[in-house]
Amino acid sequence: MTTVADRRGPFWDAIAGRAPMPPCAQLLGWTLEEIDPEAGTIRVAFEARAEFTNPIGAVQGGLLTAMLDDTMGPALVATLEPGQFAPTLELKVSFLRPARAGRLVGSARVVHRGGSIAFLAGELCDDDGTVLATATATARIVNLA
1116 MTTVADRRGP
1126 FWDAIAGRAP
1136 MPPCAQLLGW
1146 TLEEIDPEAG
1156 TIRVAFEARA
1166 EFTNPIGAVQ
1176 GGLLTAMLDD
1186 TMGPALVATL
1196 EPGQFAPTLE
1206 LKVSFLRPAR
1216 AGRLVGSARV
1226 VHRGGSIAFL
1236 AGELCDDDGT
1246 VLATATATAR
1256 IVNLA
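When you read off a place in the sequence shown, starting at 1, and then add 1115, the result is the number in this note's numbering.
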């Protein structure tokens, strides 16, 4: 059985502590809660800081979008070979309820993966499990070398 420590590549190196987490993940307070690379699923947590809020106290939609992108992307990246990456080509977000500062939980899955294109779906919930936003994305699988 392959473990996180056995896997290589920028994503796995950051997860295993061999490399720093990307600056955006650090800004969003990204932490891995659960991952299943074979199934293409992931659950992560974010810490939405007070600085992320708009004038009415809700987390700004662009930051929620970044959280969703930083949930769906890793669901796919965790399935890739070490020399591959998957930039997002298209992203659609539906905002269902206002998000407040605090812990938010993202979950995502790879819906379909072809040769160089993958389709992703995700949702962002508050700590009580209430769905705040949903998203779909299309990503392109590229070789870094």
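C-beta atoms are modelled at their ideal positions from N, C-alpha and C, and glycine is treated no differently.
Taking 7 Å as the threshold (C-beta atoms), are residue j and residue i in contact?
{"i": "Met1182", "j": "Phe1167", "result": "no"}
{"i": "Ile1157", "j": "Ala1223", "result": "yes"}
{"i": "Met1187", "j": "Leu1235", "result": "yes"}
{"i": "Ala1201", "j": "Val1192", "result": "yes"}
{"i": "Leu1142", "j": "Val1159", "result": "no"}
{"i": "Arg1255", "j": "Leu1204", "result": "yes"}
{"i": "Asp1185", "j": "Trp1127", "result": "no"}
{"i": "Val1225", "j": "Ala1190", "result": "yes"}
CA-CA distance, residue i and residue j?
{"i": "Ala1134", "j": "Asp1243", "result": "32 Å"}
{"i": "Gln1199", "j": "Val1257", "result": "6 Å"}
{"i": "Ile1136", "j": "Asn1169", "result": "A small fix is needed here, since residue 1136 is Met in this sequence, not Ile. One C-alpha to the other measures close to 26 Å."}
{"i": "Thr1070", "j": "Gly1221", "result": "This structure cannot speak to residue 1070, because the chain is shown only from 1116 to 1260."}
{"i": "Glu1238", "j": "Gly1177", "result": "15 Å"}
{"i": "Ser1231", "j": "Thr1253", "result": "10 Å"}
{"i": "Arg1228", "j": "Glu1196", "result": "14 Å"}
{"i": "Cys1240", "j": "Gly1124", "result": "29 Å"}
Closer than 7 Å by C-beta to residue i: which residues in its own chain qualify, once you throw out the five before and the five after it? Chain order, please.
{"i": "Gly1217", "result": "Ala1163 and Asp1242"}
Skipping 5 residues on each side, what residues in its chain have a beta carbon closer than 8 Å to that of residue i?
{"i": "Ala1129", "result": "Pro1135, Met1136, Pro1137 and Ala1140"}
{"i": "Asp1165", "result": "Looking at the sequence itself, residue 1165 is Ala, so the reference to Asp does not match. Cβ neighbours of Ala1165 beyond the five flanking positions: Ala1216."}
* Would the segment 1199-1216 and the segment 1140-1155 be scored as touching if the rule is three or more Cβ pairs under 8 Å? -> Taking a cut-off of 8 Å for Cβ pairs, the segment 1199-1216 and the segment 1140-1155 do not touch, as fewer than three such pairs fall below it.
* Does the segment 1239-1251 touch the segment 1164-1173, meaning 3 or more C-beta pairs lie closer than 8 Å? -> Short answer: they don't touch.
* To do: Could I get the ranges of all uninterrupted beta strand (DSSP E) runs contained in the segment 1126-1178, with 3 residues as the minimum, in chain order?
  => Counting only runs of at least 3 residues, the segment 1126-1178 fully encloses the following beta strand (DSSP E) elements, listed from N- to C-terminal order: 1146-1151 and 1156-1163.
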